[in-house]
Amino acid sequence: MKKFFYGFQYAWQGIRYAFKTQINFRFHSLAAIFAVSMGFYFKIQTYEWLWILAVIAMVFISELFNTALEVLVDLVSPDYHVKAGVIKDLSSGAVLFTAFFAFVTGLLIFIPKIF
Ligand SMILES: Nc1ncnc2c1ncn2[C@@H]1O[C@H](COP(=O)(O)OP(=O)(O)OP(=O)(O)O)[C@@H](O)[C@H]1O
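With the working numbering applied, the sequence shown closes on residue 192, and no number is skipped along the way.
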């Protein structure tokens, strides 16, 4: 049982590490708070909440894996290596892709309510 709760502690440490070291993670946290506030303000429906929460989760998951990959690359390849750069670029691309999808989802849900 103790091990189970330690697992949560380690996971929380990882999230704190990403928050402290990644400016993008902090920016996306603000964007998530903004989207959730808009959701409450406009009293969006359950299916709309599901989309908003799903894209928020996707962005955070991709951010966490991106951070993990960056740390891993820096560990195994501290010197310049073309493939190290490609791995980091691919990982950043995954974050950009999910963030763009989240942004479009937000627009599709909130734009009709604003105008
Ligand atoms: N070891 C390396 N070898 C080759 N290219 C690298 C290496 N490390 C980084 N790069 C290149 O520089 C870019 C920025 O790397 P960096 O480690 O600053 O990542 P980042 O995504 O900007 O992370 P951070 O949020 O920590 O600044 C990478 O996307 C990659 O193109």
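All residues carry an ideal CB built from backbone N, CA and C; glycine is no exception.
Straight-line CA distance for Gly91 to Thr144? About 9 Å.
Can a CB atom of chain C be found closer than 9 Å to the CB of Ala112? Going by chain labels, chain C is absent from the structure shown, which holds only one protein chain.
Do you know how far the Cα of Val153 is from the Cα of Ala109? 33 Å
Considering just the uninterrupted stretch of the alpha helix (DSSP H) at His105, what are its terminal residues? From DSSP, the alpha helix (DSSP H) with His105 extends over 100-118.
Quick one: does the C-beta of Gly183 sit closer than 8 Å to a heavy atom of ligand 1? No, since every heavy atom of ligand 1 falls outside the 8 Å radius drawn around the Cβ of Gly183.
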